[in-house]
Each structure stands twice: as structure tokens, then as C-alpha cells.
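Asks:
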Amino acid sequence: MSRFAWLGRARWFRPALASVIVLSVVVGVVVARDSGRREPVVVPEPVGFAITPGGDEVPRLAPVTVTFESAPKERAAEKLLELSPATKGTYTWLSGRTVLFQPDFPGLLRGMTYTVTVPQNAAAGITRAVTKTFTVAGRLAVQQVIPGDGDTEVPLGAQILVQFNRSVAPLTTLAAQRTDPVIAFDPPLAGKGEWLNTSIYRFIPTDLLPTTTYRVRVAKTLSSAADGVLADDHRWSFTTVTPGVAAISPDDNTQFASPQQAVTITFNQPMDRSAGGGITVRTPVGAVVPGRISWNDDATAATFTPNGRLATSTRYVVTVEKGLRGARGGETSVERTSAFTTIAPPSVSGTHPANGEQSADRYGVSIQFATPMDPDTLEGKLGVTGFTQEEVDRGSYRYDRAIGLNLALKPSTAYTVTLAPGATDRYGQVMGGYRFSFTTGALEPSVSLALPGYQPTATFSSAAEPLLYFQVVNTPNVAFTLWPLTPSEGRALLGNPNAAADRNFRPSQEPLRKWAESVEGPRDSVIVGRTSLSVSGHGPLPKGFYFVRTDGQYLSQAAFAVVDAVLVTKLSQDELLVWALDHQTGGAIPRIGLRAEGFGLAPTDAVTDANGVASFKVPPPLPTTTGDRAYYVTTAQGAGWFGVMSTRWSPGASPYQFGLPAEYYAREWVGQVYTDRPIYRPGENVEYKVIVRADDDARYSVPAADAPLELVLHNARYQEVQRQDLKLNAFGSFAGRFAIPADAPLGDYSFTVQRKGTQYGIAGNSFLVAEFRKPEFQVDLAPKRPSVVDGDRIEADTTASFFFGGPVAGAKVDWSVVAEPFAMRPKGLEFYSFVD
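According to the numbering used here, the sequence shown is numbered sequentially starting from -13.
Right, here's the structure in full:
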């Protein structure tokens, strides 16, 4: 039987249903279950005559019972028990001498007092009529009111709220809610009342008056319902705000006030205009500032305007006396004071660099003002010797408290900065000119080696004199020291440029040579010098490892090798390629032994082919691996050649220089996730499929079934809702189903295929969960022209048609136009920008 058919038939079975309900109540009255026994026990009847219930908090559905001393001969229960006020219900016998009356749902009236009457019945032992009263729980009462009874200083924007202890108004729409007044005011008060819910009533007054006591009444006949009556009228009162100061402008302790500063006192209500006499402004010595008082139209704000200019850099105190009368009576109860300080004449509070400084830094100048200025009046006022006005204007910035210049200054140079007169502060006070001078400091003495890639490592040819170039600033003499390095020291420094730059490194062997080079050139300039690293000061060095150090700081030392073979490397994802060349001729060196070591590669030997090329297999960089992927290559001992190379050295070429896409990490797998639909409702099933392939440098294959992969699903709140291992089939795919919970959050859900134990995604996709209705028609928009230029008229045709065929006629069309920036990318000019 369908749900709707059952409901229809249920209307005809209401009497039977009521009987079932009464029966269940009856059983609940006479039978109880002992938690310690399996069998029910009968509640013993009262001894003698008894009427229940009684008291003041009787439940609405409580049954009324009468137990007689002996079983009455009269078996018509309604003649043995009367309930007043009359109430619909059902009578039944619980035993031979106990009769029960069960009120119909929803039960007795809340807060109502009932009388149970048992008429005289001699046969039942009732010699005269017996009565008993009880009161039903839930009498309607006012639980809370806002403002509370006796509240004072209630603001004029207050709302009146009444909360009842239970529902009063029926649950309905806002448009259909009760509109009859609930609250009465004395004096009368206009406004709008509304029920916020079934038990809270709000009244929004429109004309609360200040300094007024309102007496409020909620009538006891609040509702037409029989149980919607208060025990008595609920009354309370509150008093609105008395006269007081709401705000003083300018704010207390305001700095930089105007010399013509007006003072405005805002009151919380209309005032008697005589209150202006209680407003004064005084100087620091207590003298009253002469001025006039003016009021706004509704007399809520008084403005004091001084008769003349106020003194600059002076603190003034505003006083609003207590006892000022309001327009509706009442007086201000406290005195209010506030203070402000007038602005000083515009002046300079400081400069950078300081005036007269003899070793100033070389990056920018600025002037700080003691008081806020009008930035617009500073434009074009700044000048600096050695710079054109155009250069100054282009590099200057202006704020109300500072003006400055972002320009690099020359070292050891005297500068004068001039601020022309005529700039004004925010109130129009004119500032005179200002000038200060300083001299920049000399450049710090420095020595740095001119090395490839700005790294402290290098190689020199064993067939030529090793010449080292260096740069010096304000250093007339540069001291050099040359050491030999052991093979292990050479490996440690040339394989790691950071170690070669360590100033704490000390070679294990004695120096080969110490010498100095004199450098001549202008002061504060970078001078390029040159020195020979040979032991004798001329001629080549023997092959091997060396270390040179100067007395400089940055890039002032280096480890280098003297070689006759050049090793060129190229590192791919799984291969280290080495090309051995003759340093002197540039020709390939065939059949030379090489040794490589590094990340994931133990010392390994290889021999170059006829083209001088050797290859080393290295592990690919994977997202799950960590470490410095660096390699060190050298010629093998006894090869007759000597050469070294480290992949940590600055590369000669990078992929980005050729516009090539590149990835640092090697890809183990690639994949795709797709679903049977892009959008679902809560409660529906998502059918999905995952396809994975092993990726060996773009050579794809079906991965092993036990590949350590997992599928993770996140909901629209990015909460994980599913995680499972991927058990790929023979085709490298996996299919599954996800049941969307009926209460699932709406939004975008995302699948991610990732290696177990990591968060590196291999593949992914998303789908939308939405409470949607299937569309019945589609709309097509076709512009008449594919492109337009500024000023052209855009025309388009719109067509709406049902999916089953036929046009959508007479439908309302809402349309809007949106725009986004467009940038041209002509072929051949992809790297040129056509936008600002």
C-alpha cells in the first residue's frame, strides 16, 4: 500500500486510533515494569476513596482517575466523574472500582484550573458530592522584558522586546503573522510591532522622546486562545535618556588642530538653547576664549566658533558644564571636558642625512616636517645639487610629514638639499625655505676575485701562465697567499663551492708563495687588477689543486685546479654525460679513464669512447627522494690526463634560455581520472575510472598491479571522505563507485591519485555536487561578428529551444555584459608585451 493511500484511509480510522492511544495510556497507568523482573507488576490501587491528580503543575495529558471504596453498581463512567470546564476525552474502567478519564490531544488548557466532581452515590460509598481542583502546568507568563522594569537612560533608538514563557503567536509566514497590538504605552508611542518567533514580540518605536518615563502594559487577554491568557496585566516602566553630551569635536587630545578651530558639542537629545551658555573654551592659564555659539536646526549640536585666530602650539580645554537643560526637561548630570592642541607654524623637524654630516650614506635624502603639510604644495619644491630638476622630480616622494628623494649619491661628494619656500601646511600656513648640506662617505675598501659564475672555484690550463683578475676599491695594495692542496682537500673544495668560500679553512700544507700587488686608480672607483698565480711569478703551474687567498672579504679566496683536460657534463634525469676535451686544442680525448661519484652514485669508473664521451647511470630525482643531486667527476689516476668537474659549478646553459619546458623531478607514473558525469546530487552514486601508466622518459607501459598508489577523495570543505589503495588490473586501470551521502556538503569534490605515503599527485579530477534541477531548455548565443574594436556596436542573436524540440516562446530574457582585458599575442612576437 502506498504512503498516500494509507494516509487517506487513516482519516476513517481516527476513532480507532484514539482508542489505541487511550489504551496505551491506560496500560501506562496501571502497569509498571520492574527492572529486576521479566513479568509486569500491577500498581496497587489507593486504599479507600481517592481522586487524582492534584496540585498546580499537572501535565496537559494527565488522566483523571477516581477510585471508590467499593465497586459502584453504576457502570456508566461519565455519570460517576465530571470535569469542569468541560473537556473532550474518553472514559474507561481500570478496575472494578477505578474509573479513568483521558483528555483528547492536545490535552487540558495550560494554566487552567479544573474541578473534578464525583456526584453523590450511596451504593459506591459517596454520601455527598465530592470535588477536587487542580491547575494545569504552563500558565502563560511574561518571562523577560527589554528594557527592564525601572531601567533608566534608555537610548532613543532602543527596541522593546517581550519574551513569553511559551508560544503565543501561531507559526506562520512573516506576511501572515498577527498584526494586533500586544503592548500599550503611556504616553502613547508610535511604531511597528512584530513577532520574531512564536514567543518573542518586538516593538520598534519611531518617536521615543528623551527624559520621558514610559509605562508599558501587556493585557492579560493577550490571545483569543483559552489558555493564552495571563494571570493579570503585565506592567513595567522605563525612562529614556536624560540630557547628556554624546560627543565633542575635535576629539580629546587632538593634535595639530586648526588656528581657526571650531568646537562642536553633540548632545543626545534636543537642548534648550540656553545650554550654549555652559560651553567654554579656555587657554592654558584659564582665560576664556571669546567666540559665538550656534545651534543646528533640531538643537542637538552646538558649535563654538572663536572670534579670531587661536594661538599656535597651544593647548585649549573645552568645558561643558553640568546642569544644562534639555528641551523636554531634565539637566546634564556631569561636567564634560576635552582638550586639543593647535598646530605649530610649519617647520622641519629633521633630515636624512643630518645637516653637516661628513660620512653620510649614499642612498636617498629626506626632510621630515614637525607638523602635517599639504603634499600637493611640496611638488617641485625640492632641489639637490648634482641632479637636474627632472631627475629630482622623477625620484621624489611626498607625504604630509616628509618629502624625500630616491637617488643613488656619489661617494665622497658634498651635496646641498634645498626646499624652496611656499609650501603650506594643511591649514594654509606658509613655510619658508630650508637648506641643509652633507658629504657622503667613501666606499668601503674591498677586494674580490673575478671568477666565472661568481663562485670561489676555477680551473687554469697547465700549458699557460695562470692569470687571476681581481677588483679592488680604495685598496692600494693587495696581499696574496698561494697554497697547494691535497687531492682530498681539492675534492672537498672544488666539489662544494660553499666550502671553498669558508674563511675558516686552512690548507694542511705550507704556502708556496706570498706576494702583494699595487693597484693605482681614482678613489671610490672599482679598479680591475691582474696577478700571476705561478710560483715564480711567471710561467705555468704544475697540474694539481691549489688555494689562493687575499685580505679581502667577499669572493676574496678561491680553490682551483691546474688541468690539461676539460670535462664538460650534462645531467639528465637518469644519466650523467661527460665529454673530455684537450684544454689546449679543444679536441676530444678518446679512451681516457674517468671516475664519477655523488648522489646515489658510488665512485664509478668509465672510459670515454672515440668521441671523448662517457656515460654514468644515475638515479632519477623523485618527489619521494631528498638530498643534493650533485656529482663530482675527475680523470682516473694513471690516465696521463688531469681534469676535474662538479655539477655544483655554475652551468653554462639552462633550459629556460631555449624556451624549453623542464621538470626537475622524474615522473614515475602518469594517469587520468574521469567520472561518468560532471555533476551529481546528494545521495547519488559517482562512477569513476582511473588509468595509470608507468613513465620512463615518455616511454609508457602498464604498471605492476602492486604499484604503491592510492586514491584520495576530498569533499567541498577539503575534508577527506575516502582513501583506498589502487589495485590496478591487467590494463593498468581501476574502476570504482562512490556513494554521495544524502547530507553531503555541496560544492566541488576532487579525486587525487598519489604515491602512498606522499602528497605528490600523479593524476586527478573533480566533480560537482549540487542541488540542481535538470534543465528543460538550452540557450545559444551567437555574436554577429567574431571580434570588434573600441567604439563598435556589439550585436548577437539568442536562441532558446526545448531539448525535446521546439522554441521557448514568450519567455522573459535577463542578460548582462561582462568584459575582461584583452592582450594581443601576434605570431612571432609572443615575448613582446602589448599591455601596460
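C-beta: ideal position from N, C-alpha, C; glycine also. Note that the structure is a prediction, hence the values are computed from the model and not measured.
1) Within the same chain, show all residues whose beta-carbon is closer than 7 Å to that of ALA805, passing over the 5 residues directly before and after it, in chain order.
2) Should SER70 be flagged as near chain C, meaning a C-beta pair shorter than 7 Å?
3) Check for me: the alpha helix (DSSP H) holding GLN375 runs from which residue to which?
4) So, helix, strand or coil for PHE644, using DSSP?
5) What is the residue span of the alpha helix (DSSP H) that GLU673 lies within?
6) On the DSSP letters alone, give me the boundaries of the beta strand (DSSP E) that PRO473 sits inside.
7) Going by DSSP, what residue range makes up the beta strand (DSSP E) through ALA502?
8) Kindly give me the distance between the Cβ atoms of VAL672 and PHE753, rounded to whole angstroms, as I take these residues to be in contact under 8 Å.
9) For a minimum of 3 consecutive residues, which ranges assigned as the beta strand (DSSP E) are wholly contained in the stretch 86 to 143?
10) Should the stretch 317 to 329 be regarded as contacting the stretch 239 to 246, the criterion being three or more beta carbon pairs within less than 8 Å?
11) Report the rounded CA-to-CA distance for GLU816 versus ALA346, giving the unit in angstroms.
12) For LYS396, does the three-state DSSP call read helix, strand or coil?
13) Give me the residue from VAL215, LEU216, GLY814, GLU321 with the minimum Cα distance to ILE265.
14) When burial is assigned at 16 or more other CB atoms within 10 Å of the CB, is GLY312 buried or exposed?
15) Cβ of LEU695 within 7 Å of Cβ of ALA652?
16) Using the DSSP secondary-structure output, state which residues sit across from ALA243 in a beta bridge.
17) Output needed for ALA306: all residues of its chain with C-beta closer than 8 Å, excluding positions within five of it in sequence on either side, in chain order.
18) Who are the near neighbours of LEU182 in its chain, counting only those whose CB is closer than 7 Å to its CB and skipping five residues on each side?
19) Going straight from the alpha carbon of GLU583 to that of PRO637, what length do you get?
20) Only counting the same chain, and skipping five residues up and downstream in sequence, which positions put a Cβ closer than 7 Å to that of SER10?
21) Specify whether the stretch 496 to 503 and the stretch 644 to 661 touch according to this definition: at least 3 beta carbon pairs, one from each stretch, less than 8 Å apart.
22) ASP193: buried (16+ other C-beta within 10 angstroms of its C-beta) or exposed?
23) List in chain order: all unbroken beta strand (DSSP E) runs of 3+ residues lying wholly within the stretch 274 to 340.
24) Looking only at its own chain, which residues have a Cβ that is under 8 Å from the Cβ of PRO358, when we skip the five neighbours before and after it?
25) Let me know if MET417 comes out buried or exposed under the rule of 16 or more other beta-carbons within 10 Å of its beta-carbon.
26) Do you know whose CA, among TYR383, ASP537, ASN484, ILE748, lies nearest GLN658's CA?
27) Return helix, strand or coil for GLU561, following the three-state DSSP convention.
28) Assuming VAL765 and ALA730 make a contact with CB atoms under 8 Å, what is their CB distance in whole Å?
29) Using the Cα positions of VAL514 and HIS524, report the straight-line distance between them to the nearest angstrom.
30) Taking the CB atoms as reference points, tell me whether GLN129 and GLN149 lie closer together than 7 Å.
31) Run through the stretch 574 to 600 for me and flag every whole beta strand (DSSP E) of 3 or more residues, listed as ranges in chain order.
32) Among ASP662, GLU762, GLN740, which one has its Cα closest to the Cα of THR610?
33) Quick one: grab the DSSP three-state call for THR633.
34) Please name the residue in PRO497, PRO508, TYR440, ALA465 whose C-alpha comes closest to that of ASN484.
35) Any idea if ARG201 is buried or exposed, counting beta-carbon neighbours within 10 angstroms, 16 or more meaning buried?
36) Just how far apart, CA to CA, sit SER280 and ALA273?
Replies: The answer reads as follows:
1) As a working note, residue 805 is residue 819 in the sequence shown. Sequence-distant partners of ALA805 (beyond 5 residues in either direction) whose C-beta falls short of 7 Å from its own C-beta are missing from its chain.
2) Reference to chain C is not applicable here, since this structure consists of a single protein chain.
3) For the purposes of this step, residue 375 is identified with residue 389 of the sequence shown, where counting begins at 1. Note, GLN375: alpha helix (DSSP H), 375 to 381.
4) Along the sequence shown, one-based indexing puts residue 644 at 658. If DSSP states are grouped into helix, strand and coil, PHE644 belongs with the helices.
5) Your numbering for residue 673 matches position 687 in the sequence shown. Following the DSSP letters along the chain, one finds GLU673 in no alpha helix (DSSP H) but inside the beta strand (DSSP E) bounded by residues 671 to 682.
6) Sequence index remark: in the sequence shown, residue 473 carries index 487 (1-based). Under the DSSP assignment, PRO473 falls outside any beta strand (DSSP E), being part of the alpha helix (DSSP H) whose first and last residues are 473 to 480.
7) Translated into positions along the sequence shown, residue 502 becomes position 516. Unbroken beta strand (DSSP E) run through ALA502: 499 to 504.
8) Counting from one through the sequence shown, the residue named residue 672 turns up at place 686. Counting from one through the sequence shown, the residue named residue 753 turns up at place 767. Contact holds; Cβ gap of about 6 Å.
9) Listed in chain order, they are 99 to 104, 116 to 122, 128 to 132, 137 to 140.
10) Between the stretch 317 to 329 and the stretch 239 to 246 there are three or more inter-stretch CB-CB distances shorter than 8 Å, so the stretches are counted as touching.
11) For the purposes of this step, residue 816 is taken as residue 830 along the sequence shown, with counting starting at 1. For the purposes of this step, residue 346 is taken as residue 360 along the sequence shown, with counting starting at 1. One C-alpha to the other measures close to 46 Å.
12) On the sequence shown, position 410 is the one that residue 396 refers to. Coil.
13) Start at 1 with the first residue of the sequence shown, and residue 265 comes out as number 279. Shortest Cα-Cα distance from ILE265 to any of VAL215, LEU216, GLY814, GLU321 involves GLU321.
14) Position 326 of the sequence shown, counting from 1, holds the residue named residue 312. Looking at its Cβ environment, which holds 16 or more other Cβ atoms inside 10 Å, GLY312 is buried.
15) Taking the first residue of the sequence shown as position 1, residue 695 is located at position 709. Taking the first residue of the sequence shown as position 1, residue 652 is located at position 666. The beta carbons of LEU695 and ALA652 sit no closer together than 7 Å.
16) Translated into the one-based positions of the sequence shown, residue 243 becomes position 257. ALA243 pairs with THR328.
17) The sequence position of residue 306 within the sequence shown is 320, counting from 1. Note that residue 306 is Val in the sequence shown, not Ala. Closer than 8 Å at the Cβ level, and outside the excluded window around VAL306, lie VAL231, ILE234, ILE251, GLY264, ILE265, THR318, GLU321, ARG322, THR323.
18) Residue numbering aside, residue 182 sits at position 196 when the sequence shown is read from its first letter. Closer than 7 Å at the Cβ level, and outside the excluded window around LEU182, lie ARG188.
19) On the sequence shown, residue 583 is found 597 positions in, with the first residue counted as 1. On the sequence shown, residue 637 is found 651 positions in, with the first residue counted as 1. Going by the C-alpha atoms only, they are around 18 Å apart.
20) Locating residue 10 in the sequence shown gives position 24, counting from the first residue. The pLDDT assigned to SER10 is 31, lower than 50, so where the model puts this residue is not dependable; a value taken from the coordinates is nonetheless given after this. There are no such residues.
21) By the Cβ test, the stretch 496 to 503 is not in contact with the stretch 644 to 661, since fewer than three Cβ pairs between them sit closer than 8 Å.
22) Against the sequence shown, residue 193 aligns to sequence position 207. With a 10 Å radius around the Cβ and a threshold of 16 neighbouring Cβ atoms, ASP193 comes out exposed.
23) Runs found: 277 to 281, 287 to 292, 301 to 306, 322 to 328, 334 to 338.
24) Indexing the sequence shown from 1 puts residue 358 at position 372. Excluding the 5 residues flanking it on each side, PRO358 has same chain C-beta neighbours closer than 8 Å at PHE242, ILE329, ASP386, ARG387, ASP411, ARG412, in chain order.
25) In the sequence shown, counting from the first residue as 1, residue 417 sits at position 431. Label assigned to MET417: buried.
26) The residue you call residue 658 lines up with position 672 of the sequence shown. The option with the nearest alpha carbon to GLN658 is ILE748.
27) By one-based count along the sequence shown, residue 561 stands at place 575. DSSP, read as helix, strand or coil, puts GLU561 in strand.
28) Residue numbering aside, residue 765 sits at position 779 when the sequence shown is read from its first letter. Residue numbering aside, residue 730 sits at position 744 when the sequence shown is read from its first letter. That pair is no contact at about 30 Å.
29) On the sequence shown, residue 514 is found 528 positions in, with the first residue counted as 1. On the sequence shown, residue 524 is found 538 positions in, with the first residue counted as 1. Take the alpha-carbon of VAL514 and the one of HIS524: they are about 19 Å apart.
30) Against the sequence shown, residue 129 aligns to sequence position 143. Against the sequence shown, residue 149 aligns to sequence position 163. Yes; because the gap between Cβ atoms is below 7 Å, this pair is in contact.
31) The qualifying runs are 579 to 584, 587 to 593.
32) Translated into positions along the sequence shown, residue 610 becomes position 624. Residue GLN740 is the option with its Cα nearest to THR610.
33) Residue numbering aside, residue 633 sits at position 647 when the sequence shown is read from its first letter. Under the three-state reduction of DSSP, THR633 is assigned to coil, being neither helix nor strand.
34) Within the sequence shown, residue 484 is the residue found at index 498, counting from 1. Of PRO497, PRO508, TYR440, ALA465, the smallest CA-CA separation from ASN484 is found for TYR440.
35) Walking along the sequence shown from the start, residue 201 turns up at place 215. Flag for ARG201 reads exposed.
36) Taking the first residue of the sequence shown as position 1, residue 280 is located at position 294. Taking the first residue of the sequence shown as position 1, residue 273 is located at position 287. One C-alpha to the other measures close to 21 Å.
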